[in-house]
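These protein sequence lines are chains A and B, in that order.
Start counting the first sequence at 10; every next residue gets the next number (the working numbering).
Start counting the second sequence at 764; every next residue gets the next number (the working numbering).
Note that beta-carbon positions come from the ideal geometry of N, C-alpha and C, so glycine has one too.
Here is the structure we will look at.
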Amino acid sequence: MTLVDALRRAGIALFAVIMLGAAAGDPADRLADPAKEAHARALFRDVRCLVCQSESIDESEAPLAHDLRQLVRSQVAQGRSDDQIRAFLVSKYGQFVLLAPKPSLGNAILWVGPLLVIAAGAAALLARRRTAADLAGLDAQEEAELEKLSREETI
Amino acid sequence: MIDELGQFALILALALSLAQAGFSIAGRLRRDAALAGAGEGAAMAAFVATAIGFMALIHAFVTSDFSVTNVAANSHTAKPLIYKIAGAWGSHEGSMLLWCLILTGYGAVMASARRLPFGLKAAAVATQGLLGVLFIGYMVFASNPLMRLVDPPFQGDSLNPLLQDPALAGHPPFLYAGYVGFSVVFSLSVAALVEGRVDPAWARWIRPWTLAAWSFLTIGITMGSYWAYYELGWGGWWAWDPVENASFMPWLMGTALLHSAAVTEKRGALASWTVLLGIGAFTLSMMGAFLVRSGVLTSVHSFAIDPKRGVLLLGILGIAAGSALALYAWRAPTLKDEAVFAPVSREGALFLNNVLFAAATAVVLIGTLLPLIRSAIDGTPISVGAPYYNLTFTALVAPALIALPAGALLAWKRGDLPVALRRLWIAVLAAAVAILATCGLVTPRSLLAACGVGLGVWVIVGALVEAAERVRLFRSPLPEVGRRTLGLPRGAWGMTLAHIGIGVFALGAAFETAWRAEATEALTLGQTMRLGGYTLRLDRVAQEFGPNFEAERAYIRVTDASGALLCEAAPDRRLYAAGGQTVSGVAICPRVLDDVYVVSGEKRLAANGAATYLVRAYWNPWVRFVFAGPLIMALGGLISLTDRRLRFAVTAKVRAALAPAAAE
């Protein structure tokens, strides 16, 4: 928690700077090869600007975001794979640096949680299944009631 | 003097809320109409008292009364009048007062609603009063907006320049009208549990409140999104930032609630689920208030952080939501829910909507909270950001949109899917044409984005088919169609519009995300750069002065491929002397559906000594749809709200049917 706190405080201090607008595409920093530059830009979107408030390094103009961009660019220029670059960033800054957390036991709830909701819904629907006779469609009385509810006072 | 009067009025509002709760509870227990009536009167008086306190704060801001702590910290004499007024809710304390004003306002309207059965109304007014006690008590004791300073400064610290924008006048009031609107649904849900009765009439009573809250929240979120779009200067409209998520969760649950309440109203089914959603929507609103204000989350949008007071907000959340959910666990099993329906039916389709929206809410909730939980449990800071949400959220919402047009055409209780699909042939055709045309005409080719465009067209045409089916267009003689069109309830029009709105949004979101273009160059005066089919030329850079800032403004000519002038963009960089912050002002050249979005950056010297200016520009195609879609949805909600069936009360027939229950 202390790391997060420290980063947050630094982030607040940098608040004014961040708002100057992103400069991820700064011509002075770009890689010569447009394909590699585009590749690096795609990676930027998955990397967190550590001192910012929930921004990727693609969006932030904080000095640290600039340093991280140059780090990623140099790795891309060296021909490293995306996984190698991500692993390198994690070894240096921890999981916090990745905006899409790597699936692990502690993160499983991110994917399992929504699936559990769907499973619970399916189970509830199955539990509601009644005999075929109940499902014969609306009877005359229900039909009249529904018609009344749907059209009441509107004509 | 006026400040003390306002202070007094706020304390009075707290006392009146206590009286509101006390009288209503006593009135309900003794079945005494006079006592319950006193509770209703107290609810209206609490609103008047809160309004007086609110006026006093506005007065302090307008007159720049720096002896009030809140004004000294958030205002400045040089600030334009609109920001002095809107600044009243630009801070933590002021926005809490706005929250309380809206809370008591809704409470007063509910207290004046006639025709609600005695027991339900007394219990709901009591619950609303207890919410008032919690929030007004918090405001008076821990977050007082009218606190005086012993030693008033000569000048104020001014408002965060990012907040000095016309949107500040509209975004928070709409957002809060949405958040807090769910408090009435919460109170009516708690009251239904107390009374042990959830029937179609109850579902109809909560609908106007749900519709109002949902529509305002939709407008508020859209305004916030547009505000961030043109203010933050990164060219995007949604970042899955924790604060955005905090406002989005009540919206998702409110959307589920609108649909499940329709099932309860029309068929009496899903009763206990609807009550749970009614409690959940306001619980998520309160959680949003806690997350945004406590500083436990890092966000670009947080503006009023105080961890100590955050703990108190967490306490309020725990008391209100905890007791409501405990009551639910105790009473919900006794609610009757006997209506049956086949999986393929209108109920089944609305149930599917609910499951998917509940899962989408879970995605946002877990994604927002897991980083907090993980750092509390094992101290591992992790991040959950846009890449996670884009994937999981799209995977849940796309099926909901695919199912929507067919679901809306199914009959209640037992539907016939093949028949519904046959009626939708024209929507299928339109979607297929849209996908093929998008794949064929737009480069670079993206099948996924083309499918997104097709999905939008499918939903829009599907909604039109559904409306045509209702009036039997092409299937009946024209006079009959005309008669049916005139006789269609406003709620039906509202639903059609809302569904068209989500389709329009899907079109824009898919297109803009896939085909936006970006260019950044360091330009000397007179130099040009290309952005997609457009050419941008930096004409001149000038020093200019605003009311409370100094700006360096770039003038950039934007021309299209044929050389025709599109606009003269004038983005700037503003230095606010009062706080020392620099803020960039974005220039947007709107086309019919697209934006050319220009941001000017720092001045640099090139190698040859010439001065260059960094210019960053985006072309955001179809981005208008992204903002227009939700506004169409909100319009649909507001039109439904004017449906005579929903006027805060019930129709004569339902009332007659309920008379024995109300008189028991």
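Selected residue, minimal CA-CA separation from residue i, among the options
i: ALA153 of chain A; options: B:ASN1311, B:TRP1175, B:ILE1198, B:GLY1372; result: B:TRP1175
i: GLY34 of chain A; options: B:VAL903, B:TRP862, B:ALA1280; result: B:ALA1280
i: ARG1185 of chain B; options: B:LEU1204, B:GLU1232, B:ASP1406, B:ALA1397; result: B:GLU1232
i: SER1347 of chain B; options: B:LEU1119, B:TYR992, B:LEU951; result: B:TYR992
i: ILE984 of chain B; options: B:LEU995, B:TRP1000, B:VAL957; result: B:TRP1000
i: HIS1262 of chain B; options: B:HIS855, B:TYR939, B:LEU1021, B:GLY785; result: B:LEU1021
i: LEU951 of chain B; options: B:GLY1043, B:PHE898, B:PRO924, B:GLU1007; result: B:GLY1043
i: SER838 of chain B; options: B:ASP795, B:THR890, B:ASP920; result: B:ASP920
i: ALA796 of chain B; options: B:LEU883, B:VAL1361, B:ALA1273; result: B:LEU883
i: TRP120 of chain A; options: B:THR890, B:ALA874, B:THR1124; result: B:THR1124
i: ALA874 of chain B; options: B:ILE899, B:LEU861, B:ALA806; result: B:ALA806
i: GLY870 of chain B; options: B:SER787, B:VAL1355, B:HIS934; result: B:SER787
i: LEU1260 of chain B; options: B:ARG1137, B:GLY892, B:ILE1402; result: B:ILE1402
i: LEU1211 of chain B; options: B:TRP965, B:LEU1294, B:ARG1030, B:THR1157; result: B:THR1157
i: ALA1197 of chain B; options: B:ALA1273, B:PHE949, B:ALA1171, B:SER1138; result: B:ALA1273
i: ILE1223 of chain B; options: B:LEU1251, B:LEU1192, B:GLU1315, B:ARG1246; result: B:LEU1192
Burial state of residue i, where buried means 16 or more other Cβ atoms lie within 10 Å
i: PHE810 of chain B; result: buried
i: ASP828 of chain B; result: buried
i: THR1414 of chain B; result: Residue placement at THR1414 of chain B cannot be trusted, given a pLDDT of 45 that sits under 50; what the coordinates show is reported in the next sentence. Under this definition THR1414 of chain B is a buried residue.
i: THR1037 of chain B; result: buried
i: GLU1331 of chain B; result: exposed
i: PHE1308 of chain B; result: exposed
i: GLY802 of chain B; result: buried
i: MET1016 of chain B; result: buried
i: LEU29 of chain A; result: With a pLDDT of only 41 at LEU29 of chain A, under 50, the local geometry of the prediction cannot be trusted, and the value read off the model is given with reservation. Buried.
i: ALA142 of chain A; result: In this prediction, ALA142 of chain A has a pLDDT of 46, which is less than 50 and means its spatial position is unreliable; nothing more can be read from the coordinates.
i: VAL1182 of chain B; result: exposed
CB contact check: residue i to chain A, cutoff 9 Å
i: VAL1038 of chain B; result: no
i: GLU1232 of chain B; result: no
i: SER978 of chain B; result: no
i: TRP997 of chain B; result: yes
i: ARG1300 of chain B; result: no
i: ARG1418 of chain B; result: Bear in mind that the predicted position of ARG1418 of chain B carries a pLDDT of just 48, short of 50, making it unreliable; the figure below should be weighed with that in mind. No, no contact with chain A.
i: VAL1118 of chain B; result: yes
i: LYS948 of chain B; result: Here residue 948 of chain B is Val; the residue named in the question, Lys, does not match the sequence. It does not: the Cβ of VAL948 of chain B has no partner Cβ on chain A nearer than 9 Å.
Within 9 Å, strictly: CB atoms of residue i and residue j
i: ALA1009 of chain B; j: THR1131 of chain B; result: yes
i: SER946 of chain B; j: PHE1045 of chain B; result: yes
i: VAL1220 of chain B; j: LEU1270 of chain B; result: yes
i: PRO1150 of chain B; j: LEU108 of chain A; result: yes
i: GLY816 of chain B; j: PRO908 of chain B; result: yes
i: PRO924 of chain B; j: GLY1342 of chain B; result: yes
i: ILE127 of chain A; j: LEU1119 of chain B; result: yes
i: MET1012 of chain B; j: LEU1164 of chain B; result: no
i: ALA1024 of chain B; j: LYS1099 of chain B; result: no
i: ASN1116 of chain B; j: ALA1019 of chain B; result: yes
i: LEU956 of chain B; j: ARG1177 of chain B; result: no
i: LEU1404 of chain B; j: PRO971 of chain B; result: yes
i: VAL1386 of chain B; j: ILE1319 of chain B; result: no
i: GLY1257 of chain B; j: ASP1406 of chain B; result: yes
i: PRO36 of chain A; j: ALA1285 of chain B; result: yes
i: ALA841 of chain B; j: SER854 of chain B; result: no
i: ASP766 of chain B; j: ALA819 of chain B; result: yes
i: ALA1340 of chain B; j: GLU1365 of chain B; result: no
i: LEU80 of chain A; j: CYS58 of chain A; result: no
i: PRO1005 of chain B; j: SER63 of chain A; result: yes
i: GLY944 of chain B; j: SER780 of chain B; result: no
Test: residue i CB closer than 9 Å to a CB of chain B
i: ALA31 of chain A; result: Bear in mind that a pLDDT of 46 at ALA31 of chain A, under 50, signals an unreliable position, so the number given afterwards is only what the model happens to contain. Yes, because at least one Cβ of chain B sits closer than 9 Å to the Cβ of ALA31 of chain A.
i: ALA96 of chain A; result: no
i: ARG82 of chain A; result: no
i: PRO72 of chain A; result: no
i: SER90 of chain A; result: no
i: ASP76 of chain A; result: no
i: ASP42 of chain A; result: no
i: VAL126 of chain A; result: yes
*Counting only runs that start and end within the region 1372-1411 of chain B, where is the alpha helix (DSSP H) found for 4 or more residues in a row?*
The region 1372-1411 of chain B contains these whole alpha helix (DSSP H) runs: 1386-1404.
*Write down every uninterrupted run of the alpha helix (DSSP H) in the region 952-1030 of chain B whose length is 4 residues or greater and which is fully enclosed by it, in chain order.*
List check, alpha helix (DSSP H) in window: 963-994, 1005-1030.
*asked:* Give the list of continuous alpha helix (DSSP H) stretches no shorter than 4 residues that lie fully inside the region 1307-1384 of chain B.
replied: None, since the region 1307-1384 of chain B contains no complete alpha helix (DSSP H) of that length.
*Enumerate, from N- to C-terminal direction, the unbroken alpha helix (DSSP H) stretches of 4 or more residues contained entirely within the region 61-128 of chain A.*
The alpha helix (DSSP H) runs lying completely inside the region 61-128 of chain A and spanning 4 residues or more are 72-86, 91-102, given in chain order.
_As an exercise, report each continuous beta strand (DSSP E) stretch of at least 3 residues that is fully enclosed by the region 799-830 of chain B, in chain order._
Taking only runs of at least 3 residues, no beta strand (DSSP E) segment lies wholly in the region 799-830 of chain B.
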